[in-house]
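Quick notes on the structure that follows.
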Amino acid sequence: MITGEFVRQRLMEAGDRGVVIADLHTERKEHWEELELRPVRGVYQSFARFFYWLFQLGFIEKTGETEPSSGKGDDYKLQSDRTYYRITPVGIGADIDKWSNPRRTLYPRKEEEKRVNYHKKKGGKIGRPREADRVAEVEKRPRGRPP
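Following our numbering, the numbering of the sequence shown begins with 897 at its first residue and continues without gaps.
Okay, here's the thing in structure tokens:
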């Protein structure tokens, strides 16, 4: 199951209460281990960025419910609270392709354009300049004193 499909399914199951990004990230890693698939190498930062793109597309929204977050040890509080997110009607109606790759949905690029720009010549000749090329450059320069 792709990440986008997994996130969409969990948000649908959560309903109006929503889910916290960190909990969903942990659950996703455990889910992949249960299925004995290759381990998910994505770090939390990448998963949070994925959620931000979904937020920009309007597929998810904040519920307004937060809870204080805490780290390891006594009296250790993290800087940001745990925020709950839920799926929106736009997200429910969106195709699974848009959920699977929200970055491409936000910033579409034509494959042809990408291919043309990739193979476009950068200009100039490859290798060190030859004597004839240097002479030609000198002859092209304007004569006289610069203004």
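Quick reminder that beta carbons are idealized off the backbone N, C-alpha and C, glycines included. Note that this is a predicted model, so its numbers are computed, not measured.
Check this for me: beta carbons of L931 and P998, under 8 Å apart or not?
Going by C-beta atoms, L931 is not nearer than 8 Å to P998.
R1005 lies in the alpha helix (DSSP H); which residues open and close that run?
From DSSP, R1005 is part of no alpha helix (DSSP H); its letter is neither H nor E.
Quick one: measure Cβ to Cβ for V916 and R982, integer angstroms, because I've assumed they're closer than 8 Å.
Not quite, the Cβ-Cβ distance comes to about 11 Å (not below 8 Å), so this is no contact.
Are the CB atoms of F946 and T899 within a distance shorter than 8 Å?
Yes, they are a contact pair.
For I992, name the three-state secondary structure that DSSP assigns.
I992: helix per DSSP, three-state reduction.
When you compare each of D991, Q941, F902 and P964 to E926 by their alpha carbons, which one comes out closest?
That would be F902, whose Cα lies nearest to the Cα of E926.
Just verifying my parser: in three-state terms, what is the DSSP assignment at I917?
In this structure, I917 counts as helix in the three-state DSSP scheme.
Rounded to the nearest angstrom, what separates G914 and W928 at their Cα positions?
Using only the alpha carbons, I get a separation of about 21 Å.
What whole-angstrom Cβ distance do T984 and F943 have, given they're in contact under 8 Å?
Not quite, the Cβ-Cβ distance comes to about 19 Å (not below 8 Å), so this is no contact.
Nearest to E957 by alpha carbon, out of P1004, D912 and K1036?
It is D912 whose Cα lies nearest to the Cα of E957.
Exposed or buried, what is R904 when buried is set at 16 or more other beta-carbons lying within 10 Å of its beta-carbon?
That one is buried.
Leaving out five residues on either side along the sequence, give the residues of the same chain with a beta carbon under 6 Å from the beta carbon of W995.
Once the five neighbours on either side are set aside, the close Cβ partners of W995 are G900 and R904.
Is the beta carbon of Q952 closer than 8 Å to that of L1078?
In the structure as shown, the chain begins at 897 and stops at 1043. Residue 1078 is therefore absent and cannot be evaluated.
Would you call A990 buried or exposed, if buried means 16 or more other Cβ atoms sit within 10 Å of its Cβ?
The residue is buried, with at least 16 neighbouring Cβ atoms inside 10 Å.
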